[in-house]
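Have a look at the structure below, then the notes.
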Amino acid sequence: MSSFRSTVENMSKLMDEMGITELDLERQLFLGLYRKHIHLSKQQAVAAPVGFVPSNKTATDTKISGHALKSPMVGVAYLAPEPGAKPFVKVGSTVKAGDTVALVEAMKTFNPIKSDVDGVVKEILVTDGMAVEFDTPIIVIE
Amino acid sequence: MPQIKKVLIANRGEIALRVIRACRDMGIRTVAVYSTADKDAMHVKLADESVCIGPAQSSESYLNESAILTAALLTNADAIHPGYGFLSERADFVDKVEQHGLIWIGPDSNMIRKMGDKVNAKQTAIKCGLPVVPGSDGALRDIEDALVWAEKIGYPVMIKAASGGGGRGMRAINNANELREAFPIVKAESKSAFGDDTLYMEKLLLHPRHIEFQVLGDKHGNVVIFGERDCSLQRKNQKVMEECPAAILTQKQRDDMIEICKNAAKKMKYTNAGTFEFMFEDGKFYFLEMNTRLQVEHPVTEMVYGIDLVREQIRIAAGEKLGYTQSNLVAHGHAIEFRINAEDPETFIPNPGKITLYAPSGGLGVRVDSAAYSGYTIPSTYDSMIAKLVVHAQSRPACIMRAQRALDEFVIEGIKTTVPLQKKLLENSDVRQLKTDNHWLETFLANQKTEEPVQDKE
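Read top to bottom, the protein sequences are chains S and F.
The first sequence maps to residues 1 to 142 in my numbering.
The second sequence maps to residues 1001 to 1458 in my numbering.
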């Protein structure tokens, strides 16, 4: 077990160095009896996007219950109107159809992501400044 | 010299795979872009990274310039390879790519612009010493002028309305009497149809073959020309089967044309890959157009010359020198490419759907460029070509034998393909004896229809 601990510690260090924010570590113990699945997640320090949030390829795998608002384009998602400002919505916020809930920047143009339903924000699936693909779910409304 | 470490491939299907493979052979990382219809496509699976750029419709995905540029910037790609089709010959896009500090793997935008315009391309071809279809230099003043030109060009000729197009406002003329008769009629017709009675004249080619020469030029003024491809078997201007070399040519005709093309490409300061397309009739070449991109049929040249054209494109884009000259290029044997489409082999109606079993042919001298696999569903949104079977052998007869073997081996179940047509073509004596031209396949297919009205099954 100690070697696994050091692996996690090493990976964690590496993530800091390389600016990686999320990493899945999987380890299978002897005979496959145990399976460790560790999800490392770090606060993104820089605005520069690192890696894409998986789009529909995996979006169908991880089941989303509720109404997902998806990115209409490839770009960078922002959850607040400007750096440091209050985010458009938080989990639990009430939104009305037409409310802007996020921005996606592509070619220096900010495109508002508007809710098309009334409801409550159930889940925010991206972090501020993350790269998103076409069809990547951004926010789940219920 | 800029180094290319990561390439975004702005295309799909077999050509995206083709580029990914060249990149991997060079240790270059790859980024695939894809539409929602292509999420299970092979190019997405084989690339190091992939970005979904839009919905199925090409205009919103593979032709979506800003989505592709954004994907390139977000993945930190150094260069974009356009493949063929889609954005490959859009000069404005090339400018945008460069404005964003990315390298375009292809000819520069000015070249694409210049050769993309038919009239401009012909002018450039003349300036650079390429033979063109002889014609009146501009409008025919009157019937006397027309008769003089016809005598000079030689019958048969074609008189065409300057404002015409799509087969309208033109007439084939075989002799002076026909010209006297037709001239006022065509003039009146074009006046009423196009509001302009300006007519010009061109030599009429009755049985041209399509023969083309591959160009490679680096950014240091070095140019080489690869021996020719014969792509005369066409249906509705779509090539069906392509060969390298064109066995119909004599060595002298070939050498002369290579020299002419080399001088023209040098004069144009052509960079990266391109193709001079010609019509060939009665021992003479006539410039048709230039394609400022990699072509579908480039593998036949690769097989015969033992060179990776995509690798060369990337090296050239990175600013490297060719490193070889014309005399280093040696042709070995003969190669034929067969385009296998997901179409009914008789009606040519596209047949998208799920491939239940895919087992491509193999063995010595057989290459298959394809993005298909067992269980793959061909989307109906894009073109129907699913595989290119490329066969190489020591000689043309040996190549035909091997091609028959390879076509027999090829198993694609679940959809209809054009493999049966390709087999039929190889059995045909006209094809075997090179008695074909650009119109031959259409005639052959029309005859087939009347001869064999019922033949549903293979």
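Built from N, CA and C at the ideal position, the CB exists for glycine as well.
Could you tell me if F:L1389 is buried or exposed, where buried requires 16 or more neighbouring beta carbons within 10 angstroms of its beta carbon?
-> As a first step, residue 1389 of chain F must be located in the second sequence, where it is residue number 389. The residue is buried, with at least 16 neighbouring Cβ atoms inside 10 Å.
CA-CA distance, F:D1040 and F:Y1376?
-> To locate residue 1040 of chain F, count along the second sequence from 1; it is residue 40. To locate residue 1376 of chain F, count along the second sequence from 1; it is residue 376. Rounded to whole angstroms, F:D1040 to F:Y1376 spans 8 angstroms at the Cα level.
Under 8 angstroms between the Cβ atoms of F:E1212 and F:E1228?
-> On the second sequence, position 212 is the one that residue 1212 of chain F refers to. On the second sequence, position 228 is the one that residue 1228 of chain F refers to. The criterion of a C-beta distance shorter than 8 angstroms is satisfied by F:E1212 and F:E1228.
Backbone CA spacing between S:T127 and S:G84 [nearest angstrom] = Within the first sequence, the letter at position 127 stands for residue 127 of chain S. Within the first sequence, the letter at position 84 stands for residue 84 of chain S. If you take the alpha carbons of S:T127 and S:G84, they lie about 14 angstroms apart.
Helix, strand or coil for F:M1158, going by three-state DSSP, please let me know.
-> Mapped onto the second sequence, residue 1158 of chain F falls at position 158. Assignment of F:M1158 by DSSP, reduced to helix, strand and coil, places it in the strand class.
Secondary structure at F:S1192, three-state DSSP: helix, strand or coil?
-> Position 192 of the second sequence, counting from 1, holds the residue named residue 1192 of chain F. In this structure, F:S1192 counts as helix in the three-state DSSP scheme.
Compute the Euclidean distance between the alpha carbons of F:R1209 and F:G1101, then round it to the nearest angstrom.
-> Here residue 1209 of chain F corresponds to residue number 209 of the second sequence, with the count starting at 1. Here residue 1101 of chain F corresponds to residue number 101 of the second sequence, with the count starting at 1. Between F:R1209 and F:G1101, the C-alpha separation is close to 42 angstroms.
Name the chain S residues whose beta carbon is nearer than 8 angstroms to that of F:G1375?
-> What you label residue 1375 of chain F is simply residue 375 of the second sequence in a count that begins at 1. Correct list: empty, because the minimum Cβ distance to chain S is about 16 angstroms.
Mind checking who F:I1173 pairs with in its DSSP beta bridge?
-> Here the question's residue 1173 of chain F lines up with position 173 in the second sequence. F:V1157, per the DSSP bridge assignment.
Got a sec: which bits of the region 1057-1085 of chain F sit with their beta carbon under 7 angstroms from any beta carbon on chain C, in order along the chain?
-> Absent here is chain C; the protein component of the structure consists of chains S and F.
Which value, in whole angstroms, describes the spacing of the CA atoms of S:S93 and S:T136?
-> Counting from 1 along the first sequence, the entry for residue 93 of chain S is found at position 93. Counting from 1 along the first sequence, the entry for residue 136 of chain S is found at position 136. In a straight line, the C-alpha of S:S93 is about 21 angstroms away from that of S:T136.
Please report how far the alpha carbon of F:Q1394 lies from the alpha carbon of F:V1300, in whole angstroms.
-> Residue numbering aside, residue 1394 of chain F sits at position 394 when the second sequence is read from its first letter. Residue numbering aside, residue 1300 of chain F sits at position 300 when the second sequence is read from its first letter. Approximately 13 angstroms, taken between the alpha carbons.
Is F:N1428 helix, strand or coil when you go by DSSP?
-> Sequence index remark: in the second sequence, residue 1428 of chain F carries index 428 (1-based). Reduced to three states, the DSSP call for F:N1428 is coil.
Output yes if chain F places a C-beta closer than 8 angstroms to the C-beta of S:N56; else output no.
-> If you number the first sequence from 1, residue 56 of chain S lands on position 56. Note that S:N56 scores a pLDDT of 47, beneath 50, so its modelled location is shaky; the value from the coordinates is reported in the next line. Chain F contact via Cβ: present.
Check whether the Cβ of F:I1307 lies closer than 8 angstroms to any Cβ atom in chain S.
-> Here the question's residue 1307 of chain F lines up with position 307 in the second sequence. Not one chain S Cβ lies under 8 angstroms of F:I1307.
Taking only beta carbons into account, state which residues of the region 58-89 of chain S come closer than 8 angstroms to chain F, listed in chain order.
-> Residues passing the 8 angstroms Cβ filter: M73, V74, G75 and V76.
Would the beta-carbon of F:G1362 fall within 8 angstroms of that of F:I1378?
-> By 1-based counting over the second sequence, the position of residue 1362 of chain F is 362. By 1-based counting over the second sequence, the position of residue 1378 of chain F is 378. Taking C-beta atoms as the reference points, F:G1362 and F:I1378 fail to come closer than 8 angstroms.
Which runs of the beta strand (DSSP E), 3 residues or longer, sit entirely within the region 1394-1448 of chain F?
-> The DSSP assignment places 1411-1413 as complete runs of the beta strand (DSSP E) inside the region 1394-1448 of chain F, in order along the chain (cut-off: 3 residues).
DSSP three-state assignment for F:R1367, whether helix, strand or coil | If you number the second sequence from 1, residue 1367 of chain F lands on position 367. Three-state DSSP puts F:R1367 in a strand.
Beta-carbon neighbours of S:D116, restricted to chain F and to distances below 9 angstroms = In the first sequence, residue 116 of chain S corresponds to position 116, counting from 1. Those do not exist, as S:D116 stays about 17 angstroms from chain F at its closest Cβ, beyond 9 angstroms.
F:N1120: first and last residue of the uninterrupted beta strand (DSSP E) it sits in | Here residue 1120 of chain F refers to the residue found at position 120 when the second sequence is read from its first residue. That residue, F:N1120, is in no beta strand (DSSP E); its alpha helix (DSSP H) goes K1118 to K1127.
Residues that F:K1045 bridges to, as DSSP identifies them = By 1-based counting over the second sequence, the position of residue 1045 of chain F is 45. Bridge partners of F:K1045: none, in fact.
Report the rounded CA-to-CA distance for F:A1359 versus F:F1410, giving the unit in angstroms.
-> Position 359 of the second sequence, counted from the start, is the residue given in the question as residue 1359 of chain F. Position 410 of the second sequence, counted from the start, is the residue given in the question as residue 1410 of chain F. Approximately 6 angstroms between the Cα atoms of the pair.
Report the residues of the region 1033-1045 of chain F with a CB closer than 7 angstroms to any CB of chain S, ordered along the chain.
-> Taking 7 angstroms as the Cβ-Cβ cut-off, the region 1033-1045 of chain F approaches chain S at T1036 and K1039, given in chain order.
For chain F, is any of its Cβ atoms less than 8 angstroms away from the one on S:E133?
-> Taking the first sequence and counting its residues from 1, one reaches residue 133 of chain S at position 133. Closer than 8 angstroms: yes.
Under a three-way DSSP split, which group does F:D1308 fall into?
-> Locating residue 1308 of chain F in the second sequence gives position 308, where the first residue counts as 1. For F:D1308, the secondary structure class from DSSP, reduced to helix, strand or coil, is coil.
Residue-chain proximity (F:C1231, chain S), Cβ-Cβ < 8 angstroms | Numbered from its first residue, the second sequence carries residue 1231 of chain F at position 231. With 8 angstroms as the cut-off, F:C1231 does not count as an interface residue toward chain S.
Three-state secondary structure assigned by DSSP to S:F134 | Position 134 of the first sequence holds residue 134 of chain S. In the structure shown, S:F134 sits in coil (DSSP, three-state: anything other than H, G, I, E or B).
Is it right to say F:A1172 is buried, meaning 16 or more other beta carbons lie within 10 angstroms of its own, or is it exposed?
-> On the second sequence, position 172 is the one that residue 1172 of chain F refers to. Under this definition F:A1172 is an exposed residue.
For the alpha helix (DSSP H) holding F:L1073, just list the boundary residues, first then last.
-> One-based indexing of the second sequence puts residue 1073 of chain F at position 73. Start and end: E1065 to L1074.
Consult DSSP for F:F1348 and reduce its assignment to one of helix, strand or coil.
-> Reading the second sequence from its first residue, position 348 is the one you call residue 1348 of chain F. Here F:F1348 sits in coil by DSSP.
Is the region 1289-1297 of chain F in contact with the region 1105-1120 of chain F, if contact means three or more CB pairs nearer than 8 angstroms?
-> Touching, per the Cβ criterion.
Counting along the chain, where does the beta strand (DSSP E) carrying S:F88 start and finish?
-> Locating residue 88 of chain S in the first sequence gives position 88, where the first residue counts as 1. Where S:F88 is concerned, there is no enclosing beta strand (DSSP E), because DSSP gives it neither an H nor an E.
In terms of residue numbering, what span does the beta strand (DSSP E) encompassing F:I1340 cover?
-> Sequence index remark: in the second sequence, residue 1340 of chain F carries index 340 (1-based). Element bounds for F:I1340: H1334 to N1341.
DSSP state of S:V140 mapped onto helix, strand, coil | In the first sequence, the residue the question calls residue 140 of chain S occupies position 140. Per DSSP, reduced to three states, the secondary structure at S:V140 is strand.
Per DSSP, F:R1235 is paired with what?
-> Counting from 1 along the second sequence, the entry for residue 1235 of chain F is found at position 235. Bridge partners of F:R1235: F:Q1238.
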